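The sequence shown runs 1467 to 1670 under our numbering.
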Amino acid sequence: MGIHNKINDEQIRKSNEKFNKEFIKSLNLSFNIDHFEGKLDKGKCKDSTVYQLVWLKNIDRLINLIPKEINIENYNLCDVGCGLCISTIYFQKNYVFKSFSGFDYNQELIFTSKKIINELDLNNKISVEIDNAVNIKLKSKPYILFLFNPFGSQTLNLFLNNNLENLKSNKSIILYANDLWKDSINGFKKVYRDDFYNLSTILF
Ligand SMILES: C[S@@+](CC[C@H](N)C(=O)[O-])C[C@H]1O[C@@H](n2cnc3c(N)ncnc32)[C@H](O)[C@@H]1O
């Protein structure tokens, strides 16, 4: 498996992983989801990354980078490459947004996401769909998009170019974890960065 953010400090890794484990345990799912880590839907998108659960604490760190005068309650959360949607569920359980959604091009992951959402009785709170970021056209509304390094610069550019005017006119925000391709993002107004954890909160 890839190393999160290339952070080698054992203590930091352990505490972030422990936090993830405790969150998953708190969901009390009836089935084990560990074996999904590292899953890749081969052949659809050349620069896609495998499924890996984000360090959930990085979601808090990204949210904390948003200037306090911005009220996130006016935004719709969309988890781009949501995988099993554990990250989407973490947002839903910890923050107030207008809506919570996610999409992933991997059918198996979305099938399991739906099972998880159903089991947690979150059907009326979180919606997830099979979709490829290459094709997606976002609705015209303010989004907070969460990306945990789902793909490389090629797909990122296609996704952003298809949606750039929308992102700008709705003053949307990207929360980008393990922001490897941040320098290929254009047209934004301001970036707030956590250089240690490699997190960018990008305001359009
Ligand atoms: C690193 S995982 C992140 C999962 C989840 N958001 C999280 O933070 O725990 C990246 C996800 O992006 C998905 N993905 C990769 N390329 C994609 C594409 N072109 N369109 C939609 N999803 C994609 C993968 O299937 C994988 O589940």
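All residues carry an ideal CB built from backbone N, CA and C; glycine is no exception.
Since we're looking at a predicted model, the values are computed, not measured.
Item	Value
How many Å lie between Glu1613 and Phe1485 at the Cα?	Before going on, a small fix: residue 1613 reads as Leu here, not Glu. Their backbone Cα atoms lie some 20 Å apart in a straight line.
Suppose contacts are defined by Cβ-Cβ distances below 8 Å. Is Phe1563 in contact with Asn1542 by that definition?	yes
What beta strand (DSSP E) runs, 3 residues minimum, are completely inside the segment 1528-1593?	1542-1546, 1565-1570
What does the Cβ neighbour count give for Pro1616, buried or exposed, with the cut at 16 atoms within 10 Å?	buried
Which of the three DSSP states, helix, strand or coil, is assigned to Phe1617?	strand
Nearest CA to the CA of Asn1629: which residue from Asn1636, Glu1483, Leu1604?	Leu1604
Around the C-beta of Phe1557, are 16 or more other C-beta atoms found within 10 angstroms, so that it is buried, or is it exposed?	buried
Would the beta-carbon of Leu1665 fall within 8 Å of that of Leu1493?	no
Taking the beta carbon of Leu1622 as the centre, do at least 16 other beta carbons fall within 10 Å, making it buried, or is it exposed?	buried
Look at the alpha carbon of Tyr1663 and the alpha carbon of Phe1577, and state the distance between them as a whole number of angstroms.	31 Å
Cβ of Leu1641 within 7 Å of any heavy atom in ligand 2?	This structure lacks ligand 2; its bound ligands are ligand 1.
Out of Gln1518, Phe1489, Asp1661, state which residue places its alpha-carbon closest to the alpha-carbon of Asn1560.	Phe1489
Using alpha carbons as the reference points, say which of Asn1652, Leu1626, Leu1611, Ala1643 lies closest to Leu1519.	Ala1643
Should Phe1497 go down as buried or exposed, given a rule of 16 or more other Cβ atoms within 10 Å for buried?	exposed
Following a CB-centred definition, is Val1520 positioned closer than 7 Å to any heavy atom of ligand 1?	yes
In whole angstroms, what is the alpha-carbon distance linking Gly1468 and Glu1585?	Note that Gly1468 scores 49 on pLDDT, short of 50, meaning its location in the model is unreliable and no value can be drawn from it.
State the beta-bridge partners of Tyr1609 as determined by DSSP.	Asn1542
What's the gap between the Cα of Val1516 and the Cα of Asn1598?	14 Å
With a CB to CB cut of under 7 Å and the five nearest residues on each side skipped, what residues in its chain are close to Ile1582?	Leu1495, Leu1550, Cys1551
How far does the alpha helix (DSSP H) with Leu1519 in it reach, from first residue to last?	Premise fails: Leu1519 is in no alpha helix (DSSP H) and is neither H nor E.
Please confirm whether Lys1634 and Phe1670 have their CB atoms less than 8 Å apart.	yes
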